[in-house]
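Trainee: According to my numbering, the sequence shown is numbered sequentially starting from 30. Submitted below is the structure of interest, expressed as structure tokens.
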Amino acid sequence: MEKNNITNYITENKDRFLNELLDLLKIPSISADKKYQADVLRTAESIKDRLIEAGADKVEICGTKGFPVVYGEKIIDAKLPTVVVYGHYDVQPADPLNLWDSPPFEPVIKKTAIHPEGAIFARGACDDKGQMYMHVKAFEIMMKTNTLPCNVKFMIEGEEEVGSPSLGPWIIENKERLKGDIILISDTSIIANDIPSIDTGLRGLAYMEVEVTGPNRDLHSGVYGGAVANPINVLCKMIASCHDENKHITIPGFYDKVQELSTAERNEMAKAPFSLDEYKKDLAIDDVYGENNYSTIERTGIRPTLDVNGIWGGYTGEGAKTVLPSKAFAKISMRLVPNQDSHEISNLFQKYFESIAPKSVKVKVTPHHGGEPVVVSTESAGYRSASKAMEETYGKKPVPTRGGGSIPIVALFKKELGLDSILFGFGLDSDALHSPNEHYGLFNYYKGIETIPLFYKYFTELNK
Ligand code: BES
Ligand code: MN
Ligand code: MN
């Protein structure tokens, strides 16, 4: 009876649910780029309006040092459990623009091999406007069909893609207002549309920038070349010496706190469906590459990494210019696993990088944002509720998986609010998050909207 109400409501409002998301996707809410400041703020305004329409109370745009947090709540009975929904309305920059088949902020719906029902192509379609908005619509459905079984609080931020610098202080100031029983987040992926899964972990992050300085000015590479250190050559060698021949990271102490999984746990992980051939085919690579003695799933799920995200210096314009540059730069990130600590790892990196630099150059290491790794227990009421909800709508029990990405604020939810998070993602890794032609399947959008109310139902039942 209840279920029919919900399904009917979705069917009757399908087009509007889609059009509202498309409107949201038209606003370029790029948090990293100052040019888009007004657009980011306009997005917060829209979400506020949508939450009010859906039936939330005390909806407020909460100022922070950076972009605001949109808050709203519906308290039906203080004795009932409270689900705190987290999501982000900011998006990554859209560059390189020339690689998009359609403009990133003019959403279009196209069919693909993986999304035969169609997918919405736009920056933020999957990460995270599409996934965040499923929660607003699921809430509307529960309100309008009188099926909201517990209390709900929304906390939608605008700085996730730049490391959530203002949300940490905001949650500390708002501990009282954020009292609840569980954090619910849709900002991760499932294995495939016919293989539901739930992430039971996120990696942490330590993001560094390095600057290597050689001579005090750019030099003629013929006049000085061979006698003066070239900072680009040196930087490349330093980066190369961060891994050994087994693709282990060489920073002393880097693995000291890494939690090793037991053979039983690794065997359990290996049961998750995964095709190496399809993985390679999707990426057009002839082979994978990573730490010896670990599978691809383990390399992204339970092992830490060190990767250069960008490297620059010297002459990169057209044609050839003979120059021995004064400076070279790189952005280097490390993904962390339990129980590594981002501050400790940043320090170890800095010490190591300074120690391997030859005397002929100066090295400056600057840490950017970071975040701690998280694990979610599959025994918890939250996980079991999510699993039951997905099993009902997908007709299959979801597989627990370890996600490779990071949502740094999740560890703070635990530390500051004492709340566990459920990573209730519905996207696909192949949805091109952060890349050109990001998209989100219509199947995934509606499936999420349909599944979320069941989480509320089971979570309330388990907590009564
Ligand atoms: N939603 C992603 C994280 C994610 C994606 C987790 C897919 C698991 C599967 C999030 O928006 C993101 O991109 N996080 C950043 C970290 C942030 C500090 C910029 C990341 O993982 O690089
Ligand atoms: Mn995200
Ligand atoms: Mn992201």
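Virtual Cβ for every residue (Gly too), placed ideally from N, Cα, C.
1. Going by DSSP, what residue range makes up the alpha helix (DSSP H) through Pro198?
2. Should Glu347 go down as buried or exposed, given a rule of 16 or more other Cβ atoms within 10 Å for buried?
3. May I ask you to verify whether the segment 135-146 touches the segment 438-455, counting CB pairs closer than 8 angstroms and requiring at least 3?
4. Under DSSP, the beta strand (DSSP E) around Ala221 begins and ends at which residues?
5. Could you tell me which of Arg431, Ile268, Gly153 sits nearest to Ile331, measuring between CA atoms?
6. Return helix, strand or coil for Met30, following the three-state DSSP convention.
7. What separation, rounded to the nearest whole angstrom, lies between the Cα atoms of Lys204 and Leu196?
8. Taking one C-beta from the segment 164-178 and one from the segment 411-426 each time, how about it: are there three or more such pairs within less than 8 angstroms?
9. Does any heavy atom of ligand 1 sit closer than 8 angstroms to the C-beta of Val191?
10. By Cβ distance below 8 angstroms, which residues in the same chain neighbour Glu421 in space, the five residues on each side in sequence not counted?
11. Quick test of your reading: Lys276 and Glu320, contact by CB under 8 angstroms. State the CB separation rounded to the nearest angstrom.
12. Would you say Tyr423 and Asp210 are within 9 angstroms of each other, going by their C-beta atoms?
13. Ligand 5 and Gln121: does the residue's C-beta get closer than 8 angstroms to at least one heavy atom of that ligand?
14. Within 10 Å of its beta-carbon, does Lys493 have 16 or more other beta-carbons around it, so buried, or fewer, so exposed?
15. When the distance is taken between beta carbons, is Leu471 closer than 9 angstroms to Ala123?
16. Between the alpha carbons of Thr345 and Leu353, how many angstroms are there, rounded?
17. Buried or exposed: where does Met30 fall if 16 or more other Cβ atoms within 10 Å of its Cβ makes it buried?
18. Taking only runs of the beta strand (DSSP E) that begin and end inside the segment 378-451, which ones reach a length of at least 3 residues, in chain order?
19. Suppose you measure from the CA of Thr279 to the CA of Lys380; what does that come to, to the nearest Å?
20. Got a sec, what are the start and stop residues for the alpha helix (DSSP H) Ser266 sits in?
21. What residue range does the alpha helix (DSSP H) around Lys173 cover?
22. Hey, Ile268 and Val165: beta-carbon distance below 9 angstroms or not?
23. Less than 8 angstroms separating the Cβ of Leu462 from some heavy atom of ligand 2?
Mentor: If we stick to the structure as given:
1. 196-202
2. exposed
3. Too few Cβ pairs lie closer than 8 angstroms, so no.
4. Note, Ala221: premise wrong, no beta strand (DSSP E); not H, not E.
5. Arg431
6. Residue placement at Met30 cannot be trusted, given a pLDDT of 47 that sits under 50; what the coordinates show is reported in the next sentence. DSSP, reduced to helix, strand and coil, places Met30 outside both helices and strands of the structure shown, so it counts as coil.
7. About 12 angstroms.
8. no
9. yes
10. For Glu421, where only same-chain residues beyond five positions count, the Cβ hits under 8 angstroms are Thr480, Leu483.
11. 5 angstroms
12. The answer is no: Cβ separation not under 9 angstroms.
13. The model depicted lacks ligand 5 and carries ligand 1, ligand 2 and ligand 3 instead.
14. exposed
15. no
16. 13 angstroms
17. Because Met30 sits at a pLDDT of 47, beneath the cut-off of 50, its placement in the model cannot be relied upon, and the point is left open.
18. 391-400, 428-430
19. 12 angstroms
20. Note that residue 266 corresponds to Lys in the displayed sequence, not to Ser. First-last of the alpha helix (DSSP H) with Lys266: 260-269.
21. 158-173
22. Contact check for Ile268 against Val165 fails: the beta carbons are separated by 9 angstroms or more.
23. yes
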